[in-house]
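> Can you keep this structure in mind? I'll have questions shortly.
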Amino acid sequence: RYPDDDDVAALAELAAKGVHDPDFMPFQIAWTDVPSPQQERNTLQHFWLQRASWTVDNWHLPMAVVVDGQVVGSQGVAAEQFATTRAAGTGSWLGRSHQGKGIGKEMRAAVLHLVFAGLGADVALSGAFHDNAPSLGVSKALGYEANGEAVAVRRGEAAREIRLRLTRERWERDRRDDISIEGLETCREMFGAV
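Pasting the structure below:
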C-alpha cells in the first residue's frame, strides 16, 4: 500500500533493525550501512523525497508491505517517461525477521500486477548483484528473463549486476487472479498510464 507517515516511521524502525547480513551488501547504494539514528532519518527523507519530486515523466512509488497488520518491508516501482516507454523497474527490501517466508515473491507478484494490469506496462525491469540468490530466485520464479549484465559499484568495489526483464506476454502466462488493486483509477494519469 501507499505508505502514510506512520507506515514510513515503521519502515524506518524496521530497516534500522536489519535488512541483510552486515557482511553482504545487496544494494548499490549502501544505505543500510549508515548507523542509527541517521539511518532512520535517511529512510524518512527518502520516502518524503519520492512524494515531493513525483512528476508524470519521472516517478518512484515506494510502498509499504504489510502482513497481518504489520509493516514488514518495502516494494517500490519506478519509471521515467512511462507514457512512451511502457516500462517500469522494481526494487524491494524486507526486514530480516520476515525473510525466507515467501513474502518477497508475493510482494513482487503484487507490484507486477500493478505494473501490467493497473498501469498497462509492456515490460518490467529488475536487477540484482550476481550473488544475491534470494532476489534472483524470486525473479526466476516469476518468469523474468536475462537482459544482460552491468558493472556496478558496491561498497566501493566493482560488482557484477544481472539485469532482468519480464514482458507482458510472459507475465500473462502465469497471471494470478487473487491480486486486486484499489484506488488506482483516480491517479492513473499521474503515472502516465492514460
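Quick note: the sequence shown, position 173, residue 1038 per the numbering used here, numbers continuous.
Glycine included, C-beta positions come from ideal geometry on N, C-alpha and C.
#1: Locate the alpha helix (DSSP H) running through A917, then write down its first and last residues.
#2: State buried or exposed for Q935, treating a residue as buried only when at least 16 other CB atoms are found within 10 Å of its CB.
#3: How would you write the range of the alpha helix (DSSP H) that P991 sits in, first residue to last?
#4: Am I right that G941 and S918 are in contact with their C-beta atoms under 8 Å? What's the rounded C-beta distance?
#5: Would I968 and V931 be called neighbours here (beta carbons separated by less than 8 Å)?
#6: What is the residue span of the beta strand (DSSP E) that A953 lies within?
#7: Is the distance from the Cβ of R1028 to the Cβ of G992 below 8 Å?
#8: So is A895 buried or exposed if we call it buried at 16+ other beta carbons inside 10 Å?
#9: State yes or no: is the C-beta of G883 within less than 8 Å of the C-beta of R961?
#10: Between which residues of its own chain and A975 is the CB-CB distance below 8 Å, once the five residues before and five after are set aside?
#11: Quick check on DSSP: helix, strand or coil for P999?
Once the coordinates are examined:
#1: 903 to 917 is the span of the alpha helix (DSSP H), which, as asked, contains A917.
#2: Counting Cβ neighbours within 10 Å, Q935 comes out exposed, since fewer than 16 surround it.
#3: In the sequence under discussion, the amino acid at residue 991 is Ser, which differs from the Pro named in the question. Where S991 is concerned, there is no enclosing alpha helix (DSSP H), although the beta strand (DSSP E) it sits in stretches over 988 to 994.
#4: So it is not a contact: roughly 14 Å between Cβ atoms.
#5: Contact: no.
#6: First-last of the beta strand (DSSP E) with A953: 952 to 959.
#7: By the CB criterion at 8 Å, R1028 and G992 fall inside the cutoff.
#8: When all chains shown are included, A895 counts as exposed.
#9: Yes; because the gap between Cβ atoms is below 8 Å, this pair is in contact.
#10: Result list for A975: Q940, I1044, in chain order.
#11: P999: helix per DSSP, three-state reduction.
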